[in-house]
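Enquirer: All residue numbers for the sequence shown refer to UniProt numbering, where the first residue is 1 and numbers rise by one. Just so you know, even glycine gets a beta-carbon here, dropped at the ideal spot from N, CA and C.
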Amino acid sequence: MSDLATTTASWADAIWREALAPERQLTVSQWANAYRQLPPTSAEPGRWKTERVPYLGEIMDCLSTASQVERVVFMAGAQVGKTEAGLNWIGYVIDHAPGMMLLVMPSLDMLKRNSRTRIDPLISDTPALKAKVAAPKTREKGNTIAMKSFVGGELVMTGANAPTGLRSTPVRYIFLDEVDGYPVDADGEGDPVELAIRRTATYAGKKKIYLCSTPTLSGVSRIEKAYAESDQRKFFVPCPHCGAMQVIAWARIKWPEGEPLKATLHCEHCGEPIEERHKLKMLAQGQWQATKDGDGRTAGFWLPGLYSPFETWGEMAAEFLTVKSDPPRLQTFVNTRLGEAYEDRDTAPIEAERLLSRCEPFGEILPDEVALITAGVDTQDDRLELEIVGWGKGEESWSLDYQVLWGDPAFPEVWQQLDAVLLKRYPHVRDVPPLPISAVAIDSGGHRTPNVMEYVQPRQNRRVWAIKGRGGPGIPAWPKRPPKLKAGQLAPLYIVGVDSLKHTLISRLRIETASAGYCHFPEGRDLDYFRGITAEKPVRVYKGGVAKIKWVADSGVRNEPLDCRVYASAALHGLAASGVRAEQAIKALQEKPKNKSQTNQNPKNYYGKVIVRSKYLD
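Here it is as structure tokens:
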């Protein structure tokens with residue numbers, strides 16, 4: 001018998017014997033402490049130690065087979081170990097409680113990346129697992145990106161956007177990772193969370209379901225809703241001064257004026273400041289306490305990033321001061337650092353008249369803050385509309401120009417006009433050559449897709465990109481990797497997440513003072529322009545019991561100004577994806593001296609005064 005046949009036979013025999021053996025009583029944390037090995041790429045490679053993150057102990061143990069808990073919900077900030085707890089559970093299942101297991105990631109792309117960077121190292125660097133998982137490239141094909149066969153079971157992995165992976169085979173264990181990134185609907189077949197959970201129906205009394213995620217918007221967040229249905233446990237730690245138990249809350253993190261890195265936690269009982277150096281000892285003495293009755297089967301855990309041993313309160317305070325005036329970045333801070341759903345106060349309409357009233361004179365020379373310029377182009381059957389936007393630190397923006405170029409895009413004349421506009425260069429107050437438009441995003445939708453592709457194909461070296469907007473949650477503002485060309489396609493087509501870009505824009509239109517994210521508009525724009533840029537409103541709707549934000553257009557109002565700004569913002573994200581960032585460009589400009597000949601002597605002569613057939617400027 002060949003070596004391969006011998007190995008296969010012995011592995012199959014091990015499966016049979018393991019399936020008949022009774023489950024050994026061991027908790028997930030005990031298994032992780034005894035067997036889990038962190039890969040060399042980890043921040044702390046070597047043997048896993050739950051004592052390093054003691055708050056994970058009870059969460060993992062609720063996933064153990066001896067626990068009566070059926071569903072574990074973990075709503076948390078970043079860098080606290082929610083996914084690592086799930087990886088330890090996977091290892092525990094493979095080694096000690098084998099059965100069918102399903103891992104669901106927000107998308108198939110994330111699944112592939114997670115399988116290579118998290119699952120494969122978990123197995124290959126942990127000897128107890130490597131011996132039980134089918135070796136790669138064997139004839140049984142039991143070790144692929146989407147499936148790992150092991151003695152007594154299988155780990156099946158899929159994306160929440162792939163309904164075929166969410167039905168059919170019954171499973172005993174389900175790991176739902178980053179559920180707030182799941183689409184509302186799995187390709188028309190319903191809520192992916194519900195589709196996945198249905199697969200545990202045949203395992204009544206023996207199933208385990210683990211949902212974890214950083215939250216998103218309040219009232220829309222899946223993980224917030226699941227936590228609200230649980231017993232809502234919080235991690236209480238003792239004050240090193242008075243010993244009173246309390247949660248670590250952002251409201252009690254304080255620092256001296258202008259010195260956020262000196263931030264301390266103030267005890268809610270004795271008021272004494274607690275320094276960062278006390279954190280590890282406090283965590284070791286901490287304990288989870290339920291704050292609600294719950295349903296008796298769901299254990300819910302909430303943990304902000306304030307508990308993380310890998311980030312300091314001072315670092316978080318410094319980050320807060322940077323983002324506090326920019327709603328989109330503040331939401332990210334609230335979600336990923338505080339582990340809280342962001343209270344969305346941005347669904348109220350914005351008055352176009354208010355935006356008109358704050359227009360300001362722009363000089364002939366670019367403001368000192370502008371470091372990059374992008375353009376967004378909307379394609380219609382009888383015209384092209386475009387906005388040219390200057391960007392500064394924290395994505396503060398200046399609308400440098402808005403133009404309407406009349407002409408059928410099926411013919412070259414209107415594209416020639418567009419070329420003339422996009423090749424314009426803008427003098428800067430610094431002693432540098434006039435700045436070009438660094439990136440352009442052109443809408444390829446509608447009836448003129450071939451004409452858009454024909455235009456962008458020879459201009460890709462100028463970062464003139466064809467895009468297509470796609471709505472819905474979880475779609476990034478710009479794809480992480482350049483799209484592959486399809487047969488007969490002249491140029492790449494970039495799919496951009498327009499809903500996230502619209503949400504960012506409407507949040508920033510509410511900023512009242514010049515700062516990160518503030519939107520500057522020049523004098524001369526008429527009311528129609530501002531009605532257009534505010535033509536769509538975010539509305540919370542429900543589908544299958546799941547809340548989502550839907551963008552609804554005002555009847556009779558043209559929304560091209562909104563689309564053009566969204567596309568110009570997408571182009572900025574495209575620049576970042578290609579390695580060009582506004583902060584780096586700003587730093588390079590600030591190192592240059594000011595050009596004394598380039599001064600804004602006539603601020604009323606703002607950019608965009610002379611345009612081609614525009615209906616938005618005088």
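1. Going by other Cβ atoms of all chains shown within 10 Å of its Cβ, with 16 needed for buried, is aspartate 326 buried or exposed?
2. Near valine 237, which residues of its chain fall below 6 Å by C-beta distance, leaving aside the five closest residues on each side in sequence?
3. Could you check what DSSP says for phenylalanine 333 in three-state terms: helix, strand or coil?
4. With distance defined between alpha-carbon atoms, name the residue in Cys239, Leu509, Ser444 nearest to valine 354.
5. Assuming isoleucine 119 and lysine 148 make a contact with CB atoms under 8 Å, what is their CB distance in whole Å?
6. If you check the beta carbons only, do glycine 376 and cysteine 564 fall under 9 Å apart?
7. Around the Cβ of serine 614, are there at least 16 other Cβ atoms within 10 angstroms (buried) or fewer (exposed)?
8. Take the Cβ of alanine 516 as the centre, count every other Cβ of all protein chains shown within 10 Å, and call the residue buried at 16 or more, exposed below.
9. Provide the residue span of the alpha helix (DSSP H) that contains phenylalanine 320, from first to last.
10. List the whole-angstrom C-beta distance separating histidine 241 from cysteine 212, where the pair is believed to meet the contact cut-off of C-beta under 8 Å.
11. Does histidine 447 come out as helix, strand or coil in the three-state DSSP assignment?
12. In angstroms, rounded to a whole number, what distance separates the CA positions of serine 2 and alanine 146?
13. Which runs of the beta strand (DSSP E) fall wholly inside the region 515-575 and span at least 3 residues, in chain order?
14. Could you check which residue in Lys279, Glu259, Ile533 has the C-alpha nearest to that of serine 399?
15. Under the DSSP definition of a beta bridge, which residues are partnered with proline 273?
16. If we require 4 or more residues per run, which alpha helix (DSSP H) segments fall completely within the region 62-116?
17. I'd like the span of the beta strand (DSSP E) that includes proline 238, first residue to last.
18. Using the DSSP secondary-structure output, state which residues sit across from tyrosine 402 in a beta bridge.
19. For the beta strand (DSSP E) containing valine 133, list its first residue and its last residue.
20. Can you list, in chain order, the residues of its chain whose CB lies under 7 Å from that of arginine 425, leaving out five sequence neighbours each side?
21. Put threonine 374 into one of helix, strand or coil per three-state DSSP.
22. If contact is defined by three or more beta carbon pairs under 8 Å, each pair taking one atom from either stretch, is the region 188-202 in contact with the region 149-166?
23. Using 8 Å as the threshold, is the region 409-422 in touch with the region 383-392, meaning 3 or more CB pairs across them?
24. Could you tell me which of Thr126, Tyr55, Met105, Glu70 sits nearest to proline 40, measuring between CA atoms?
25. Could you tell me whether the Cβ atoms of leucine 501 and glutamate 536 are closer together than 9 Å?
26. Suppose you measure from the CA of valine 612 to the CA of proline 482; what does that come to, to the nearest Å?
27. Serine 569 to glycine 497, Cα distance in whole Å?
28. Cα-Cα, which of Ala76, Gly243, Ala128, Arg358 is closest to residue 619?
29. Using DSSP bridges, identify the partner residues of valine 464.
30. Are there 16 or more other CB atoms within 10 angstroms of the CB of alanine 371, so buried, or fewer, so exposed?
31. Measure from the alpha carbon of isoleucine 197 to the alpha carbon of each residue in Val151, Thr169, Ala85, then state which is nearest.
32. Label glycine 46 either buried or exposed according to how many other C-beta atoms from any shown protein chain fall within 10 Å of its C-beta, with 16 as the threshold for buried.
33. Put asparagine 143 into one of helix, strand or coil per three-state DSSP.
34. For the ligand PLP, is there any heavy atom lying closer than 8 Å to the beta carbon of isoleucine 365?
35. Less than 9 Å between the beta carbons of alanine 226 and arginine 71, yes or no?
36. Between the C-alpha atoms of methionine 316 and asparagine 335, what's the straight-line distance to the nearest angstrom?
Expert: Reading it off the structure:
1. As a first step, residue 326 must be located in the sequence shown, where it is residue number 326. Answer is buried; the Cβ neighbour count reaches 16.
2. Residue numbering aside, residue 237 sits at position 237 when the sequence shown is read from its first letter. Excluding sequence neighbours, valine 237 sits near Met282, Gly286.
3. Translated into the one-based positions of the sequence shown, residue 333 becomes position 333. The answer is helix: DSSP assigns phenylalanine 333 an H, G or I state.
4. As a working mapping, residue 354 is identified with position 354 in the sequence shown. The residue asked about is misnamed: residue 354 is arginine in this sequence, not valine. The residue with the shortest Cα to Cα distance from arginine 354 is Leu509.
5. Position 119 of the sequence shown, counted from the first residue, corresponds to residue 119. Position 148 of the sequence shown, counted from the first residue, corresponds to residue 148. Sure, about 7 Å apart at Cβ, within 8 Å.
6. Here residue 376 is taken as the residue at index 376 of the sequence shown, counted from 1. Here residue 564 is taken as the residue at index 564 of the sequence shown, counted from 1. Yes; because the gap between Cβ atoms is below 9 Å, this pair is in contact.
7. Reading the sequence shown from its first residue, position 614 is the one you call residue 614. The predicted position of serine 614 is uncertain, since its pLDDT is 36 and thus under 50; a value taken from the coordinates is nonetheless stated next. Buried.
8. For the purposes of this step, residue 516 is taken as the residue at position 516 of the sequence shown. Per the 10 Å Cβ criterion, buried.
9. By one-based count along the sequence shown, residue 320 stands at place 320. Here the alpha helix (DSSP H) through phenylalanine 320 covers 313-323.
10. Within the sequence shown, residue 241 is the residue found at index 241, counting from 1. Within the sequence shown, residue 212 is the residue found at index 212, counting from 1. The Cβ separation is near 33 Å, so there is no contact.
11. On the sequence shown, residue 447 is found 447 positions in, with the first residue counted as 1. Coil, per DSSP.
12. What you label residue 2 is simply residue 2 of the sequence shown in a count that begins at 1. What you label residue 146 is simply residue 146 of the sequence shown in a count that begins at 1. The predicted model places serine 2 with a pLDDT of 46, which falls under 50 and marks its position as unreliable, so this point remains unresolved.
13. 536-543, 546-553
14. If you number the sequence shown from 1, residue 399 lands on position 399. Among Lys279, Glu259, Ile533, the Cα nearest to that of serine 399 belongs to Ile533.
15. Start at 1 with the first residue of the sequence shown, and residue 273 comes out as number 273. Answer by DSSP bridge pairing, in chain order: His266.
16. 82-96, 108-114
17. What you label residue 238 is simply residue 238 of the sequence shown in a count that begins at 1. Segment 233-238, the beta strand (DSSP E) holding proline 238.
18. As a position in the sequence shown, residue 402 is number 402, starting the count at 1. According to DSSP, tyrosine 402 bridges with Glu387.
19. Numbered from 1 along the sequence shown, position 133 holds the residue referred to as residue 133. Element bounds for valine 133: n/a, residue is neither H nor E.
20. Counted from its first residue, the sequence shown places residue 425 at position 425. If we look at arginine 425 and ignore the five residues flanking it on each side, its Cβ neighbours are Pro434, Leu435, Pro436.
21. On the sequence shown, residue 374 is found 374 positions in, with the first residue counted as 1. Correct three-state label for threonine 374: strand.
22. yes
23. yes
24. For the purposes of this step, residue 40 is taken as the residue at position 40 of the sequence shown. Out of Thr126, Tyr55, Met105, Glu70, Thr126 has the C-alpha closest to the C-alpha of proline 40.
25. Position 501 of the sequence shown, counting from 1, holds the residue named residue 501. Position 536 of the sequence shown, counting from 1, holds the residue named residue 536. Not in contact: leucine 501 and glutamate 536 (Cβ atoms no closer than 9 Å).
26. Locating residue 612 in the sequence shown gives position 612, where the first residue counts as 1. Locating residue 482 in the sequence shown gives position 482, where the first residue counts as 1. Because the pLDDT of valine 612 is 35, which lies under 50, any placement of that residue in the model is unreliable, and the number read from its coordinates should be weighed accordingly. Each residue's alpha carbon lies about 33 Å from the other.
27. For this step, residue 569 is matched to residue 569 along the sequence shown. For this step, residue 497 is matched to residue 497 along the sequence shown. For serine 569 and glycine 497, the distance between alpha carbons rounds to 11 Å.
28. Only positions 1 to 618 of the chain appear in the structure, and residue 619 is not among them; the question remains open.
29. One-based indexing of the sequence shown puts residue 464 at position 464. The partner list for valine 464 (beta bridge, DSSP) reads Val440.
30. One-based indexing of the sequence shown puts residue 371 at position 371. Looking at its Cβ environment, which holds 16 or more other Cβ atoms inside 10 Å, alanine 371 is buried.
31. For the purposes of this step, residue 197 is taken as the residue at position 197 of the sequence shown. Out of Val151, Thr169, Ala85, Thr169 has the C-alpha closest to the C-alpha of isoleucine 197.
32. Residue numbering aside, residue 46 sits at position 46 when the sequence shown is read from its first letter. Looking at its Cβ environment, which holds fewer than 16 other Cβ atoms inside 10 Å, glycine 46 is exposed.
33. For the purposes of this step, residue 143 is identified with residue 143 of the sequence shown, where counting begins at 1. If DSSP states are grouped into helix, strand and coil, asparagine 143 belongs with the strands.
34. Of ligands this structure carries none, so the ligand PLP is not represented either.
35. Numbered from 1 along the sequence shown, position 226 holds the residue referred to as residue 226. Numbered from 1 along the sequence shown, position 71 holds the residue referred to as residue 71. Their beta carbons are under 9 Å apart, which means alanine 226 touches arginine 71 by this criterion.
36. Your numbering for residue 316 matches position 316 in the sequence shown. Your numbering for residue 335 matches position 335 in the sequence shown. Approximately 13 Å, taken between the alpha carbons.
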